[in-house]
Structure formats: structure tokens, C-alpha cells
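Novice: Here it is: the structure, laid out below.
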Amino acid sequence: MELKRRLDLELLLVFGLSLGKSAVYSVLALLAALTAETGLGGTTTTINRSEAAQQWLDFGYQFVGNIFPLVPVALVLFLLGAGALARIGVFREKLGKQLLVGFALAAAIGIPGLGLYLGARTLGLAAKVVATNVVEYWWTIPMLLLSAVGASLLEEVIMIGYVFTRLRERGMSDTKIIWLSAILRGTYHLYQGFGGFVGNMIMGLLFGYIYKRTGKLVPLLFAHFLLDAAIFVGYAWASTWLPLN
103 MELKRRLDLE LLLVFGLSLG KSAVYSVLAL LAALTAETGL GGTTTTINRS
153 EAAQQWLDFG YQFVGNIFPL VPVALVLFLL GAGALARIGV FREKLGKQLL
203 VGFALAAAIG IPGLGLYLGA RTLGLAAKVV ATNVVEYWWT IPMLLLSAVG
253 ASLLEEVIMI GYVFTRLRER GMSDTKIIWL SAILRGTYHL YQGFGGFVGN
303 MIMGLLFGYI YKRTGKLVPL LFAHFLLDAA IFVGYAWAST WLPLN
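Going by the numbering used here, the first residue of the sequence shown is number 103, and it counts up by one from there.
What follows is the structure, encoded as C-alpha cells:
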């Protein structure tokens, strides 16, 4: 019983510092959009935004904004103790095959995900999501890629690796863990609207099932990075020929 209480407190603190906090803010953002005069479909949310007119200051904001979210990742690895990476499924063996699986996952998720977003926008069930409005400097693309790396590490290390490890120690079944993780993943994307919730929950279910079967986190990390990198870097190009608005 003492172990369960300790794990419950640890989970609460970790999520209070990271994705649980994001979920609360996302619910509030959704409520604000639903009660706005324009409604949910008339609202806009920007993922990566310029923070200052001066290039050097904007660079500073972007850099620290991408680095600080990695602190909870370091925290959970510290809490898991010795061999933390191996415990959550980060292995170098057959790395090429793991990356290939990640690429296939990204392709399988990306195209249907785009269709879901466009459909939700048409029905007024999703906010307009602007992947980036960062002014184009020499460092813009590297910074967007760093943002994609950070999002991948934050979500997959915590939502999959850490959550599975700790909740298994607590005695929860894998099926319950998969659903709990997926619902929370969808919840902290509610700022995008109901389409974002459904799409990310489905992604969470798929990732959770694959992790249960393989125990490998690298394919999920790589798939998530590819998805976000394509969205962040390719947004300006795609918005010229897709009805993203």
C-alpha cells in the first residue's frame, strides 16, 4: 500500500509539472473557444510563434521554450533510476529496423490524421491550427526541428515509457494503461478542438498497443518526430495548396 501511495504521488507530481498541466490548460482553451462569439471553428491556435521582434531575442525565446519542456523528461529518467532508458524500451539493437517501423507508423498516421483535421474543420469541430508563424531566419528550421524533437521526447518518454513502467509497478493492466494514456494524450490536445482529441487519442491507442507488443520506444519516438517535423516545417508550403484555413 505504501508503494502505491508513493507511486500515485510521484505520478501526480510529474503530470502536474508536464502533460497534466497541459491537459488542464487545453480544457480551459476549449471552453474559451466554445463560448467565444466565433465558436470553435472560428478560433485559431498557433503551436510555434514568434515571441519578439528582435531576431536575437526571438531566438532566445524559441531556444529556452524548447529546452525547458525537456526537464520533466530528465526528471522521470532520474526517478526511474539506473538503467532507465532500457526500462522504458530505448535500445540500440536493430536501430535501422526500429527507425523503419517509425517511418511506417508516421506515414500510416499522418495521412488519415490530416483527413480527420480537414473533416473536423469543415464541421466546425476543430480550431484552425497554425503550425508556425515564426519569422523565417537562418535558424528557423533547426529550431522547428528541435521543437519536434522536444515534443516527441516529452510525450513518448512520459506518456508511454514512464506511464507504462510506473502503472505496471502499481499493478494496473496493460489494457487500462493504454486507454488511460490515450485519453490523457487526447485531452492535452483539446486546445485544437474535438478533432485533435479524437486523432491524438487514436494515435495514443495505436502507440500503446505497439509498445505493449514490442516493448520498444524508439519507433514511437521517431514516428512522433517525423509527424511533428513534417507539420512544423511543411506547414507554410502545404497551406498554399491544402484548405488548412
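No residue lacks a Cβ here, since even glycine has one placed at the ideal position from N, Cα and C.
Excluding the 5 residues flanking residue 309 on each side, which residues of the same chain have their C-beta closer than 7 Å to its C-beta?
Specialist: Looking up residue 309 in the sequence shown gives position 207. If we look at residue 309 and ignore the five residues flanking it on each side, its Cβ neighbours are 262, 322.
Novice: When you compare the CB positions of residue 182 and residue 267, do they come within less than 8 Å of one another, or not?
Specialist: By one-based count along the sequence shown, residue 182 stands at place 80. By one-based count along the sequence shown, residue 267 stands at place 165. Note that the C-beta distance between residue 182 and residue 267 is below 8 Å.
Novice: Just verifying my parser: in three-state terms, what is the DSSP assignment at residue 230?
Specialist: By one-based count along the sequence shown, residue 230 stands at place 128. Residue 230: strand per DSSP, three-state reduction.
Novice: Apart from the five residues just before and just after residue 131, which ones in its own chain have a Cβ nearer than 8 Å to its Cβ?
Specialist: The residue you call residue 131 lines up with position 29 of the sequence shown. Counting only Cβ-Cβ distances below 8 Å, and skipping sequence neighbours, we find 147, 292, 293.
Novice: Assuming residue 319 and residue 313 are in contact, meaning their beta carbons sit under 8 Å apart, how far apart are those beta carbons, in whole angstroms?
Specialist: Residue numbering aside, residue 319 sits at position 217 when the sequence shown is read from its first letter. Residue numbering aside, residue 313 sits at position 211 when the sequence shown is read from its first letter. Confirmed, about 7 Å.
Novice: Can you give me the C-alpha to C-alpha distance between residue 143 and residue 231, rounded to a whole angstrom?
Specialist: In the sequence shown, residue 143 corresponds to position 41, counting from 1. In the sequence shown, residue 231 corresponds to position 129, counting from 1. If I take the Cα positions, the gap works out to 10 Å.
Novice: Taking the Cβ atom as the reference point for each residue, do residue 286 and residue 133 lie within a distance shorter than 8 Å?
Specialist: Here residue 286 refers to the residue found at position 184 when the sequence shown is read from its first residue. Here residue 133 refers to the residue found at position 31 when the sequence shown is read from its first residue. Going by C-beta atoms, residue 286 is not nearer than 8 Å to residue 133.
Novice: I need the straight-line Cα distance from residue 151 to residue 159, nearest angstrom please.
Specialist: Sequence index remark: in the sequence shown, residue 151 carries index 49 (1-based). Sequence index remark: in the sequence shown, residue 159 carries index 57 (1-based). If I take the Cα positions, the gap works out to 13 Å.
Novice: Considering only residues of the same chain and omitting the five flanking positions on each side of residue 255, which have a CB-CB separation below 8 Å?
Specialist: Working through the sequence shown from its first residue, we reach residue 255 at position 153. Excluding positions up to five away in sequence, the list reads 172, 175, 323.
Novice: Does the region 295 to 306 come close enough to the region 222 to 242 that 3 or more CB-CB pairs lie under 8 Å?
Specialist: yes
Novice: Please report the straight-line C-alpha distance between residue 242 and residue 330, rounded to a whole angstrom.
Specialist: Your numbering for residue 242 matches position 140 in the sequence shown. Your numbering for residue 330 matches position 228 in the sequence shown. Computed Cα separation, rounded: 15 Å.
Novice: In three-state terms, what does DSSP make of residue 145?
Specialist: Counted from its first residue, the sequence shown places residue 145 at position 43. Correct three-state label for residue 145: coil.
Novice: Among 197, 245, 257, 337, which one has its Cα closest to the Cα of residue 289?
Specialist: Taking the sequence shown and counting its residues from 1, one reaches residue 289 at position 187. Nearest C-alpha to residue 289: 257.
Novice: What are the uninterrupted segments assigned as alpha helix (DSSP H) that are 4 or more residues long and contained completely in the region 137 to 214, given in chain order?
Specialist: 157 to 169, 173 to 182, 186 to 190
Novice: Alpha helix (DSSP H) containing residue 281: first to last residue?
Specialist: Counting from one through the sequence shown, the residue named residue 281 turns up at place 179. That run of the alpha helix (DSSP H) goes 276 to 289.
Novice: When burial is assigned at 16 or more other CB atoms within 10 Å of the CB, is residue 253 buried or exposed?
Specialist: The count along the sequence shown starts at 1 and reaches residue 253 at position 151. With 16 or more other Cβ atoms within 10 Å, it is buried.
Novice: Given residue 234, which residues of its chain have a CB within under 7 Å of its CB, disregarding the five upstream and five downstream residues?
Specialist: Position 132 of the sequence shown, counted from the start, is the residue given in the question as residue 234. Once the five neighbours on either side are set aside, the close Cβ partners of residue 234 are 149, 150, 246, 334, 337.
Novice: Evaluate residue 191 with the Cβ neighbour count: other Cβ atoms within 10 Å of its Cβ, from every protein chain shown; 16 or more gives buried, anything less gives exposed.
Specialist: Translated into the one-based positions of the sequence shown, residue 191 becomes position 89. Burial call: buried.
Novice: Would you report the Cα separation of residue 163 and residue 104, rounded to the nearest angstrom?
Specialist: Numbered from its first residue, the sequence shown carries residue 163 at position 61. Numbered from its first residue, the sequence shown carries residue 104 at position 2. Taken atom to atom, the span from the alpha-carbon of residue 163 to that of residue 104 is near 42 Å.
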